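Chains as they are written, first to last, in numbering that gives the first Met the number 0: chain A, 0 to 231; chain B, 0 to 209.
Every residue gets a Cβ at the ideal spot worked out from N, C-alpha and C, and that includes glycine.
Keep in mind the model is a prediction, meaning the values are calculated, not measured.
Here's the structure we're looking at; comments come further down.
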Amino acid sequence: MTSLRFRLLMTGLALGLGAAPGVAAEAEQPAPAVARGPFAFPANPALKDWLAKAGTDSFFLVLDPVGGKLQLVLGGVIIRTFPVADLKVATPRRWGGATPLPEAWHERVWTGARIDPPHPGARTEIVGPEVGTASGEVLIPPTPEEAIPVPSLYRVRFAEGLALEVTGGQAEQKGELPPNELPSGLREKWRLLREGAPDLVRVRIRLEPEHYAEMYRSLPPGTDFVILHAVD
Amino acid sequence: MKRRLLIGAGIALGALVVLTGVALLMVDRSGYHYRDADFAFSGADRGARRKLEANFTKPPAKVYIVVDRTHNRLELRKGSTTTLTAVCSAGSGYKLVERDTAKRKGRQWVFDTPRGIHKVKNKRTDPVWKRPDWDYIERGEAFPRRDSERIEYGMLGDYALDLGDGYMIHGTLYERLLGRGVTHGCIRLGKDDLATVYRECPIGTPIYIY
Numbered sequence: 000m001t002s003l004r005f006r007l008l009m010t011g012l013a014l015g016l017g018a019a020p021g022v023a024a025e026a027e028q029p030a031p032a033v034a035r036g037p038f039a040f041p042a043n044p045a046l047k048d049w050l051a052k053a054g055t056d057s058f059f060l061v062l063d064p065v066g067g068k069l070q071l072v073l074g075g076v077i078i079r080t081f082p083v084a085d086l087k088v089a090t091p092r093r094w095g096g097a098t099p100l101p102e103a104w105h106e107r108v109w110t111g112a113r114i115d116p117p118h119p120g121a122r123t124e125i126v127g128p129e130v131g132t133a134s135g136e137v138l139i140p141p142t143p144e145e146a147i148p149v150p151s152l153y154r155v156r157f158a159e160g161l162a163l164e165v166t167g168g169q170a171e172q173k174g175e176l177p178p179n180e181l182p183s184g185l186r187e188k189w190r191l192l193r194e195g196a197p198d199l200v201r202v203r204i205r206l207e208p209e210h211y212a213e214m215y216r217s218l219p220p221g222t223d224f225v226i227l228h229a230v231d
Numbered sequence: 000m001k002r003r004l005l006i007g008a009g010i011a012l013g014a015l016v017v018l019t020g021v022a023l024l025m026v027d028r029s030g031y032h033y034r035d036a037d038f039a040f041s042g043a044d045r046g047a048r049r050k051l052e053a054n055f056t057k058p059p060a061k062v063y064i065v066v067d068r069t070h071n072r073l074e075l076r077k078g079s080t081t082t083l084t085a086v087c088s089a090g091s092g093y094k095l096v097e098r099d100t101a102k103r104k105g106r107q108w109v110f111d112t113p114r115g116i117h118k119v120k121n122k123r124t125d126p127v128w129k130r131p132d133w134d135y136i137e138r139g140e141a142f143p144r145r146d147s148e149r150i151e152y153g154m155l156g157d158y159a160l161d162l163g164d165g166y167m168i169h170g171t172l173y174e175r176l177l178g179r180g181v182t183h184g185c186i187r188l189g190k191d192d193l194a195t196v197y198r199e200c201p202i203g204t205p206i207y208i209y
């Protein structure tokens with residue numbers, strides 16, 4: 000099914016390219032010496048990344064700024080939608096101003112999501128009892144809410160330096176900062192002073208408390224991130 | 000007098016440092032400058048990009064299943080409509096380690112429900128369960144001499160939908176545990192929800208697990 004979707008997508012793109020004047024002009028130029036994929040997009044390498052991944056089994060977070068939503072996509076299927084209430088971008092401060100946003104940062108694929116702070120704890124390890132010595136006691140795992148407590152702010156960091164900063168948790172709604180997170184907040188500020196800004200660019204979004212917690216608990220590691228531009 | 004002056008100056012200096020620190024934290028707590036975003040196209044390959052975005056998400060026209068393995072939730076969908084939301088049980092995430100013996104080194108299993116895209120490969124009514132080695136190890140029981148002794152009836156409920164590699168969507172005798180990740184990788188459903196899923200999902204139905 001997946002490969003069929005991919006072929007359909009490619010076919011659609013091939014038809015679309017014929018109608019795209021900018022790309023048609025590019026096609027008249029001599030072919031590059033380096034072998035490319037099925038379609039060449041010399042002017043926008045970011046698009047090649049999209050094409051390479053579209054329709055594959057990769058997880059994608061897709062931010063739709065116009066529609067005000069963040070969607071988790073797998074194989075072209077939207078499996079979860081999180082309405083986004085507020086959206087800002089940020090770059091590190093420098094001498095009272097801000098560093099400029101990297102060129103075409105919102106047109107590329109950001110890869111390898113990693114939740115920060117990470118989920119607590121290692122796997123529970125059970126060693127099988129010796130034959131005939133089992134107690135018969137059944138181990139009941141905790142609920143997801145018990146197993147993965149949600150911090151008052153978290154970031155989804157991508158390998159190339161973008162961080163999706165997620166706000167809107169229960170604690171923040173009530174105007175509280177849990178006391179147990181004060182030390183980690185101070186540690187982060189100390190790290191910032193010592194090591195400098197950890198992220199090239201940040202995209203800050205606000206979610207509903209329920210979605211805020213849900214995304215923290217269930218976002219698959221390694222998810223990629225793209226931004227849609229439905230209107231321009 | 001001089002000593003008092005020095006102490007006073009020291010206190011004033013300390014207070015100034017603390018106040019400056021607090022002020023800096025208040026003004027610039029993150030070290031980042033936040034502003035409204037501009038997501039306009041740079042213009043390169045505009046037509047191709049619009050086409051790609053338009054085709055990036057397309058729900059299957061037929062029925063499909065979405066499973067949130069963390070929150071133990073299964074959804075049956077058709078297009079963009081959800082026709083069933085069910086509480087399920089997915090893998091516990093536990094790791095089982097077999098004790099080393101004189102004959103062999105202990106094996107290990109990780110009880111995760113695998114993320115990704117799967118398909119219903121087979122459907123069965125009144126399925127039987129052939130107990131795998133890990134079930135004996137987990138319960139501290141000796142392996143049976145014959146394979147036929149591994150067969151158990153009724154453990155999987157009324158129906159089973161096979162996903163391949165031994166993973167299934169099936170029923171359970173322990174409905175009170177639905178909503179918790181208690182399985183060895185399979186997805187358990189309550190009796191009524193399982194009947195709906197079995198009825199609505201033909202072989203080949205895609206399953207999206209995240």
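Put simply, of A:I226, A:W189, A:R186, A:L163 the residue whose alpha carbon is nearest the alpha carbon of M214 of chain A is A:L163. DSSP, read as helix, strand or coil, puts D48 of chain A in helix.
One Cα belongs to L152 of chain A, the other to R205 of chain A, and the distance between them is close to 10 angstroms. Look at P91 of chain A: its C-beta is under 7 angstroms from a C-beta on chain B. By the beta-carbon neighbour count (other beta carbons within 10 angstroms, threshold 16), G165 of chain B is exposed. For T56 of chain B, at least one C-beta of chain A is nearer than 7 angstroms to its own C-beta. At a cut-off of 7 angstroms between beta carbons, A97 of chain A contacts chain B. Minimum Cα-Cα distance from T69 of chain B among the listed residues B:D134, B:R198, B:G184 corresponds to B:G184. G75 of chain A counts as buried, since at least 16 other C-beta atoms from the protein chains shown sit within 10 angstroms of its C-beta. Contact annotation for G92 of chain B against chain A: R122, T123, P140, A146 [CB-CB distance below 9 angstroms, chain order]. For the 7 angstroms CB-CB criterion, P64 of chain A and L86 of chain A form a contact. The beta-carbon distance between K129 of chain B and R149 of chain B, rounded to whole angstroms, is 5 angstroms. This is short enough to meet the 8 angstroms contact definition. Put simply, the CB of W109 of chain A is far from chain B, with every gap to its CB atoms at 7 angstroms or more. Residue environment: P82 of chain A is assigned as exposed (fewer than 16 neighbouring CB atoms within 10 Å of its CB, all protein chains considered). Excluding its 5 nearest sequence neighbours in each direction, T80 of chain A has C-beta neighbours in its own chain below 6 angstroms: K68, Q70, listed in chain order. Taking a C-beta distance under 7 angstroms as the contact criterion, V62 of chain B and K77 of chain B qualify as a contact pair. Residues of the stretch 114–143 of chain B with a C-beta atom less than 7 angstroms from some C-beta of chain A are R114, G115, I116, I136, E137, R138, G139, E140, A141, listed in chain order. Residues of chain A with a Cβ closer than 9 angstroms to the Cβ of G78 of chain B do not exist, since the nearest Cβ in that chain sits about 10 angstroms away.
Only exposed fits R122 of chain A, as fewer than 16 other CB atoms lie within 10 angstroms of its CB.
For P143 of chain A, the nearest beta carbon of chain B is closer than 7 angstroms to its own beta carbon.
The C-beta distance from L161 of chain A to W109 of chain A rounds to 5 angstroms, short enough to fall under 8 angstroms. When Cβ-Cβ separations below 7 angstroms define contact, T69 of chain B makes contact with chain A. Distance check between A36 of chain B and each of A:A158, A:D56, A:K52, A:H105 places A:H105 closest, using alpha-carbon atoms only. F58 of chain A reaches chain B at Y209, counting residues in chain order whose Cβ is nearer than 7 angstroms.
Contact between the stretch 171–178 of chain B and the stretch 77–91 of chain B is established, with three or more Cβ pairs separated by less than 8 angstroms.
A Cβ of chain B is located within less than 7 angstroms of the beta carbon of P128 of chain A. The way I'd put it, the stretch 108–127 of chain B does touch the stretch 151–161 of chain B; three or more beta-carbon pairs between them come closer than 8 angstroms. For F81 of chain A, the beta-bridge partners assigned by DSSP are A:L69.
Here DSSP, grouped into helix, strand and coil, assigns S88 of chain B to strand.
Any Cβ of chain A closer than 7 angstroms to the Cβ of H32 of chain B would place that residue at the interface, and such an atom is present. Excluding sequence positions up to five before and after M0 of chain B, its CB lies less than 6 angstroms from no other CB in the same chain. About 5 angstroms separates the Cβ atoms of A112 of chain A and V155 of chain A, confirming a contact at the 8 angstroms cut-off. Sequence-distant partners of A8 of chain B (beyond 5 residues in either direction) whose C-beta falls short of 8 angstroms from its own C-beta are missing from its chain. Contact annotation: in the stretch 175–189 of chain B, residues whose CB is within less than 9 angstroms of a CB in chain A are L176, G178, R179, G180, V181.
In the structure shown, the three-state DSSP call for D115 of chain A is strand. E159 of chain A and E174 of chain B have their C-alpha atoms spaced approximately 44 angstroms apart.
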